[in-house]
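Participant: I'd like to ask you about the structure that follows.
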Amino acid sequence: MSLLSVKNLTRSYGSLQAVKDVSFECEAGQILGFIGPNGAGKSTTMRIIATLDVPSGGDVLLDGESVVARPDQARPLIGYMPDRYGTYEDMTVFEFLDFFARAYQLRGAERKARVDSVMEFTGLAALQHKLTSALSKGMKQRVALGRTLLHDPKLLILDEPADGLDPRARIELRELLRALAQQGKAVLISSHILTELAEIIDTCAIIEQGQLLATGTVQDVLAKTAGVSSSVEVEARVLPSAVNDALAKKIERLLLEQPQVSAPSVSGELVRFTLGLAPGSAATAEWSQQASVRVLRALVAAEVPVVSFTSREHDLEDAFMSVTRGRVQ
Amino acid sequence: MTPAPPVVRAPDVFDRWGEALADKVNPIIVKEVRQGLRTRVFWVFFSLMLVACLFISLGFFGTAEVGTTSGEAAFISFFVCLGGVQFFVIPYSAYRSMARETEEETWVLLTLTGLGPRRILSGKLGSSVLQGSLYASAAAPFLLFSYYLNGIDLPTIVVGVVAAVAYQVFLVSVSISVATLAESRIVRAMLHFVVLGLLLFGVSTGIGLSSGLAEMARRMLASGTFWLVTSAVVLGLVSTAVLLFETAAARLSLATEEYARGPRLAFVTQVTGLFGYFLWGWTMGTDADVLVVGAVVCAAYLLFAGVMLMTDRDGMSRSHWVDGARWSLLKPGALRGYTCVVLAVVVVGGLFIGLAERTSLGVQERLVVLASPAFVLLYLGASNVIARWVPRLANQTPAVVRLTFLALVVVGCGLPPLAGQIISEPDDLVLNALNPLMGLVNIGKNGLEGTPFVAFVWAAARVATTWAFVSLRRLDVEPRA
């Protein structure tokens, strides 16, 4: 049985249907990426799972119990981090975590041990006497994450946790989330930064206009959506010392002579072009490999000094772009 | 060389006692005290109050002569210093603290911990009382000093201090309740000025009342009417504070909670209690005019309290429809809230009408008592109906209904006299038929001639109420297509 099971979830605000019949599951120890453009219904779905809102239809089961019917029972199992950090600016890191630990009914030595362990895990021990207002965005976000861990929840719901973080803070967050999943916690995370998500999530759910468009393991979703694309981006590099206008023109002419090649561009040592099929045809992996080999052969035969030649692999971003239509509500 | 580890003092008995106490009290109090003691506001006002009290006492001490009675003036002077802090600084700090909680949505995180809105609010209230006690304990020696200057007795000082604490609790309740009202930045900015205005009014009223108490204490304390009115005012303040507290708790509750129970129970208890108290006081004298004033005041209160009680987002009745007790008036939803308020108006209005029939009231007074509940039903019903014509998101309904209500009251009271000024007379009978102020005055003035207008107001009230029920049932209860 899945730890989290979302079943036919619907949420309407007047005539606006923010969430339409959304269903997905998340196991313990799994990180599920909840992907969608702004206004897609991600936060609404997450708020319903976190017992902050009531659905118009459907249900959410956490450990087999309905969070809609019994929100009080579900709350101790959930750690929710909204897109706003919500840290009291005039409290130190320790005071902030200590206050929430008190609110979670942790008392005496147990509370102190828990706060210490959370500060240790999130790397905040050295900053415990600093005011939260003096912390960087990345550190504030760690404090917020620490707050969600105080009561040792089974499910973590993180709404856009990487938003506005610098690269280092993002990498550190990634490591923390991996460690949490290894501890057996289920993590539901939403983000716009798909490249970041791709490296940490096991499963994903793509949502647009309140409707779930694709769900499953990342490999499944990539495999399903790869067949939908009808073009492949190719990037090649030539020997920097050989770069000149004549070579650039020669490459462009050569590429345009090749079948199924479009939009060639040469910028210094970098050569880019698209291998495309007729609209509606699916670009399989085999086809893209054969087409790439044919173009590479033609370049080498024309004595173009190619030093690297790569076709960009179908990733989560492509999957997202291929299933969504950029519609907002 | 590695740096020496910091020296950590072993916790002594006081630390352990403090820790054990902090474990038992509401976590919000611990947080607010930690935050409060760190703020510049606390130390600045604490020092200012002490310095002011010191200078005042030195002034009175220097000018005191044998046989003079300057205690009363000294008490009022010290009370001004304490009142400024207790009736303005502390409630305003409580407002800011609660407003920050709603602005940054940290209350949501607190609710998820299982703390609950009532404990959040009681924590805010408790920390304000604690702060007030700190200030009062610092001012206590000065207040006591005024006793030694003669002219004021100890019971008056004690009554003054106790009343001040009660009044401070009331003002803090008002402030934190207002802080939970804001749903947008513009409303928040508007409410900020409303709170400042309310607190300035609160300070002047509080200090004025305490001055009155100091000056007329001996005469007033011996009067039975004084105690009757004072106890009624205290009962009204306490029950209104409880109602405000419960309403704020409901606004801080999540949509998944049964948030309507507290405010509706408080409302019904308050209305029943106040009516009972009025009845008890009235039977002692059975003054007919008092009955009319009581009916009108009750109607006005039900009108303004009712509009807060009956508003909720559309669809909340439906959301709380499935798990039984569908017709319970204590469950969430605008339809249930409206039904509760209408029942209260009908019952209280009916009781006043019944009492009016058993007394020697004139026709005019009877008609006023009869018309009062009709105006309440008319304005509440019309607000519900008109607000639901406005294109909106469902979660904005409460604010839209309240704004519509305010607009209706302003237009209903202001437009007919203006039109009357142009056409005939400002108090024109026909034009002011639905004016809750001038209409009632006209009915009171015109005796039997006012009867058709009372019938007209009741007819309008019936239409508005029926229409409101139909519209609420459709939007709040019936399943969506």
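Protein chains in written order, with this note's numbering: chain A, 1 to 329; chain B, 1001 to 1481. Using N, Cα and C, we set each Cβ at its ideal position, and we do this for glycine too. Bear in mind the structure is a predicted one, so any value in this text is a computation, not a measurement.
#1: Mapping DSSP to helix, strand and coil, what is A/L239?
#2: Which residue marks the beginning of the alpha helix (DSSP H) containing A/S338, and which one marks its end?
#3: Would B/F1405 be called buried (16 or more neighbouring beta carbons within 10 Å of its own) or exposed?
#4: Would you mind sorting B/T1002 into buried or exposed? The rule is 16 or more other CB atoms within 10 Å of its CB.
#5: Specify the secondary structure class of A/T274 as computed by DSSP and reduced to three states.
#6: Within the 8 angstroms Cβ cut-off, does B/M1001 reach chain A?
#7: Of the choices B/L1048, B/A1382 and B/A1250, whose alpha-carbon is the least far from that of B/W1467?
#8: What's the C-alpha gap between B/S1204 and A/R147?
#9: In chain A, which residues lie with their C-beta within 8 angstroms of the C-beta of B/Q1035?
#10: With 8 angstroms set as the bound, which would you pick, yes or no: does the beta-carbon of A/E370 sit closer than that to a beta-carbon of chain B?
#11: For the segment 1108 to 1121 of chain B, list every residue whose C-beta sits within 8 angstroms of some C-beta in chain A, in sequence order.
#12: For the alpha helix (DSSP H) that contains A/Y88, what are its first and last residues?
#13: Would you call the segment 87 to 100 of chain A and the segment 119 to 136 of chain A touching, i.e. three or more CB-CB distances under 8 angstroms?
#14: B/G1444 and B/F1453: beta carbons closer than 8 angstroms?
#15: So what does DSSP say about A/A162, is it helix, strand or coil?
#16: Contact check, B/F1245 vs B/L1121 under 8 angstroms by CB: the rounded distance?
#17: In whole angstroms, give me the CA-to-CA distance for A/R142 and A/F99.
#18: Kindly indicate which three-state DSSP category B/T1002 falls into: helix, strand or coil?
#19: What is the residue span of the beta strand (DSSP E) that A/G79 lies within?
#20: Along chain C, in chain order, which residues have C-beta atoms closer than 8 angstroms to that of A/R84?
#21: Nearest chain B C-beta to A/A103 closer than 8 angstroms, yes or no?
#22: Run through chain A and tell me which residues come within less than 9 angstroms of B/D1023, C-beta to C-beta.
#23: For B/A1182 and A/E172, I'd like the C-alpha separation in whole angstroms.
#24: Alpha carbon to alpha carbon, how far is A/A263 from A/P305? Give it in angstroms, no decimals.
#25: Out of curiosity, what's the CA-to-CA distance linking A/R75 and B/G1114?
#26: Could you give the DSSP three-state label for B/S1175: helix, strand or coil?
#27: Among residues of its own chain, excluding the 5 on either side of B/M1098, which ones have a beta-carbon nearer than 7 angstroms to its beta-carbon?
#28: Looking only at C-alpha atoms, which of B/S1372, B/V1025, B/L1199 and B/G1350 sits nearest to A/L106?
#29: Around the C-beta of B/S1128, are 16 or more other C-beta atoms found within 10 angstroms, so that it is buried, or is it exposed?
#30: Indicate whether B/V1369 and B/C1298 have their beta-carbon atoms separated by less than 8 angstroms.
#31: Between the Cα of A/H151 and those of A/R70, A/K112, A/W287 and A/T132, spot the shortest distance and give me the residue it belongs to.
#32: Relative to chain B, which residues along the segment 31 to 48 of chain A have a C-beta separation below 7 angstroms, given in chain order?
#33: So what does A/G216 bridge to, in DSSP terms?
#34: Using a threshold of 8 angstroms, state whether the C-beta atoms of A/Q260 and A/L239 are closer than that.
#35: Excluding sequence positions up to five away, which residues of its chain have a Cβ less than 8 angstroms from the Cβ of A/T310?
Facilitator: Straight from the coordinates:
#1: coil
#2: In this structure chain A extends from 1 to 329, so residue 338 of chain A is not present and cannot be described.
#3: buried
#4: Confidence in B/T1002 is poor, its pLDDT being 45 and thus under 50, which makes the residue's placement unreliable; the coordinate value appears in the next sentence. It counts as exposed.
#5: strand
#6: Note that B/M1001 scores 45 on pLDDT, short of 50, meaning its location in the model is unreliable and no value can be drawn from it.
#7: B/A1382
#8: 43 angstroms
#9: Y88, D90 and M91
#10: With chain A running from 1 to 329 in the structure shown, residue 370 of chain A is simply not present.
#11: V1108, L1109, L1110, L1112, T1113, G1114 and L1115
#12: No alpha helix (DSSP H) contains A/Y88, which DSSP labels as neither H nor E.
#13: yes
#14: no
#15: coil
#16: 6 angstroms
#17: 16 angstroms
#18: Model confidence at B/T1002 stands at a pLDDT of 45, short of 50, so the residue's coordinates are unreliable; what they give is reported in the following sentence. In this structure, B/T1002 counts as coil in the three-state DSSP scheme.
#19: I78 to M81
#20: The structure shown contains no chain C; the protein chains it does contain are A and B.
#21: yes
#22: R102, R107, G108 and R111
#23: 37 angstroms
#24: 21 angstroms
#25: 8 angstroms
#26: helix
#27: K1124, I1176, A1179 and T1180
#28: B/V1025
#29: buried
#30: no
#31: A/K112
#32: none
#33: A/C204
#34: no
#35: V234, E235 and A236
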